[in-house]
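Notes follow the structure.
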Amino acid sequence: MPPAQAAPGGGAAWRRLLLLLTVLPLTLAALAFVLQWRGGGVDDPTARWAPHAFPGMAEPVRLSLPSSDCGDVLAGSSGPSFPYLRGWSFPSDSGAGLGLQPKVCVQTSTSAGLEQILPWLFYHKVVGVAQFLLFVEGKAAKPNVAGVLESIPGVKVVYRTKDLEEQQARSRIWNETWLSGFFYKPCNYELFVKQSLNMEMAIVMARDHGMDWIIHLDTDELLYPGGAAEYSVRRLLAEVPRDVDMVIFPNYESSVERDNIQDPFSEVSMFKKNYDHLPKDTYFGMYKEATRGNPNYFLTYGNGKSAARIQDHLRPNGAHRWHNYAKSPNEIKLEEAAVLHYTYTKFSDLTSRRDRCGCKPTKEDVKRCFMLDFDRAVATYRVKMLTSMEPHVEVFRLSGGPEMPDPETHSRSLDQLHKAWLSSAQKAQQHRGHIRYNERVVWNDKKMNLKLLRKGVLTRIYTPMAIVQGLRESGVFTSVIAAGQPAVNEKFLLKKTDAQSQNVTRPGNLPIKLRATDSKASARKILQAELVFSDTDVTAVPPLSPPGLDDEHRHHSE
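Below you can see the structure in the form of structure tokens.
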């Protein structure tokens, strides 16, 4: 029997299917080519940008800055930028942020320039701060700085004028006893009082702006919302129980690894952890290695900063804490979040902090001017250096100067020679100070750093560095300065007609009205406070040093 023949129709169907599968892709490719060639209404994303100008590839435009000292710090780099930051409208700056809760306010008292304030301010915008209350004086109150700050959404600038000081002289806390222990003392004590008075006004202003939380920070401090979702201070505080009135952020202290830091916020990544965030055995076991011969574990304070829920009867309790007239506040301490304190990151910080007080280089003034041991040690070291120079200066004066065979040098007056010698001696003193700065402040021993990092005493935190670098490279700071120029120009015009500098009080001076208060009014206000709550005589909390070795037994027994 002959084999069965395949149905002729089946082979033809397969051939037609293969032909269709071959022709269809070719047809679609041809159609796409025709549409692209003729325009065809297809939106090509690359057509939105100029040739070789895709997002992130363009070099930032360098804008003129108000002064040369902040130009290098604030200007964008010539490398690739982060395009999603350029022109970024923060939710808190517009109606889009009306539903974001809670609303966080940061208050500061500052005399810094834009090179420090702008990175500090925009970093906190990134982490969720909605409102800034800047009490300015000195450099920060100059038109080319204050004009830029006033042009930024969510920023309120308050000048230290005579009117402000007279208003603060009539304030409640000025006429109470808990802050009076810091009155009529220079330098750190006067700054502490001024910060407290500003914080009292800031509470009212923050409430008027609809804020839920307030925290006082200096412009060398950054909030680090460790443990919070989205790296957000707002989310961190949203998770705080409703019955909590205040939240303590323990402070970490910067540990610079070289002596040529220009911009601390984008160059420093190593920090010394707070006592509250370390096992007690580790803290006291590594105490000597961590202090490196300094008076305390931290160079400056160790008791952190506090955020307060805005409510009735709230008042400051010094720059580090808040209090309440009507009750004893319920306070908690955060386990992961911290305040990053960028302290003495430059050698010039030592001299500027010392010189801004106007205190004499004597042992008596050192005790009167400075609260913390390291500040006193720095000032005492200067006193010793100047004391050691005095005999040499006197010998030079009596001897008529050194023998100099050069006739031209001989023709100079003795006074000129004395000034030249004294200048040389001062340079030598500064050189010795720089050496001491490297010994006591700069962490240049890599082996020791690694040991303390492994023990957990030191830690690396890169997020603030990345945020500030991203803001700078995206041209945010230069754009803000350019946008604020109209306000700056307007302030310069106003200064010509009505000199604002006449109303600005020189740092370090308080008007007589602040010193002469009505004793009857003081007694009345204190009495009223006592009627509300009996715990009003709590002394203001000053900057405190961390526990020392003398406290080891007490902390182990707790």
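Just so we're aligned: the sequence shown equals residues -29 to -1, 1 to 529 in mature numbering (1 follows the signal peptide of the UniProt record, and there is no 0). Positions of the beta carbon are idealized from the N, C-alpha and C atoms, including for glycine.
Can you name the start and end residues of the beta strand (DSSP E) that residue i belongs to?
i, result
"residue 277", "276 to 280"
"residue 74", "Where residue 74 is concerned, there is no enclosing beta strand (DSSP E), given that its DSSP letter is neither H nor E."
"residue 454", "Here residue 454 belongs to no beta strand (DSSP E); instead the alpha helix (DSSP H) covers 447 to 454."
"residue 184", "184 to 187"
"residue 549", "In the structure as shown, the chain begins at -29 and stops at 529. Residue 549 is therefore absent and cannot be evaluated."
"residue 222", "222 to 225"
"residue 341", "Neither: residue 341 is in no beta strand (DSSP E) and is coded neither H nor E."
"residue 104", "102 to 107"
"residue 286", "285 to 287"
"residue 244", "Neither: residue 244 is in no beta strand (DSSP E) and is coded neither H nor E."
Pull up the distance between the alpha-carbon of residue i and that of residue j, whole angstroms please.
i, j, result
"residue 425", "residue 256", "14 Å"
"residue 436", "residue 239", "7 Å"
"residue -18", "residue 6", "34 Å"
"residue 439", "residue -10", "58 Å"
"residue 161", "residue 153", "7 Å"
"residue 309", "residue 316", "18 Å"
"residue 302", "residue 261", "29 Å"
"residue 286", "residue 174", "8 Å"
"residue 282", "residue 123", "27 Å"
"residue 258", "residue 219", "23 Å"
"residue 198", "residue 305", "9 Å"
"residue 266", "residue 247", "19 Å"
"residue 466", "residue 103", "25 Å"
"residue 130", "residue 101", "21 Å"
"residue 328", "residue 336", "10 Å"
"residue 205", "residue 93", "15 Å"
"residue 403", "residue 234", "24 Å"
"residue 169", "residue 176", "10 Å"
"residue 106", "residue 331", "27 Å"
"residue 532", "residue -3", "Since the displayed the chain opens at -29 and closes at 529, residue 532 lies outside it and no answer follows."
Under the three-state reduction of DSSP, which class applies to residue i: helix, strand or coil?
i, result
"residue 440", "helix"
"residue 193", "strand"
"residue 175", "helix"
"residue 265", "coil"
"residue 315", "coil"
"residue 155", "coil"
"residue -17", "helix"
"residue 239", "coil"
"residue 233", "coil"
"residue 522", "helix"
"residue 29", "With a pLDDT of 37 at residue 29, under the threshold of 50, the modelled position of that residue is not reliable, and the figure given next carries that caveat. Residue state, collapsed to three classes: coil."
"residue 126", "strand"
Mind checking whether residue i and residue j have CB atoms under 8 Å apart?
i, j, result
"residue 183", "residue 72", "yes"
"residue 208", "residue 95", "no"
"residue 203", "residue 98", "yes"
"residue 145", "residue 511", "no"
"residue 156", "residue 80", "no"
"residue 449", "residue 242", "no"
"residue 228", "residue 415", "yes"
"residue 275", "residue 221", "yes"
"residue 158", "residue 341", "yes"
"residue 289", "residue 163", "yes"
"residue 406", "residue 278", "no"
"residue 517", "residue 296", "no"
"residue 142", "residue 108", "no"
"residue 244", "residue 119", "no"
"residue 443", "residue 264", "no"
"residue 515", "residue 273", "yes"
Along the chain, where does the alpha helix (DSSP H) that runs through residue i open and close?
i, result
"residue 510", "No alpha helix (DSSP H) contains residue 510, which DSSP labels as neither H nor E."
"residue 90", "85 to 97"
"residue 419", "417 to 426"
"residue 430", "Run containing residue 430: none in the alpha helix (DSSP H); it sits in the beta strand (DSSP E), 429 to 431."
"residue 121", "114 to 121"
"residue 133", "133 to 140"
"residue 251", "251 to 256"
Who are the near neighbours of residue i in its chain, counting only those whose CB is closer than 7 Å to its CB and skipping five residues on each side?
i, result
"residue 10", "With a pLDDT of only 49 at residue 10, under 50, the local geometry of the prediction cannot be trusted, and the value read off the model is given with reservation. Excluding sequence neighbours, residue 10 sits near nothing in its chain."
"residue 314", "191, 224, 225, 270, 271"
"residue 110", "82, 83, 84, 116"
"residue 211", "218"
"residue 214", "301"
"residue 167", "144, 150, 287, 289, 290, 511"
"residue 307", "197, 198"
Quick one: what's got a C-beta closer than 6 Å to residue i's C-beta in the same chain, skipping five residues either side?
i, result
"residue 90", "236, 439"
"residue 216", "280, 300, 301"
"residue 188", "77, 79"
Can you list, in chain order, the residues of its chain with a C-beta nearer than 8 Å to that of residue i? Leave out the 5 residues immediately preceding and following it.
i, result
"residue 121", "128, 455, 458"
"residue 433", "240"
"residue 253", "426, 427, 428"
Counting only beta-carbon atoms, is residue i nearer than 8 Å to chain C?
i, result
"residue 312", "Absent from the structure is chain C; it holds one protein chain and no more."
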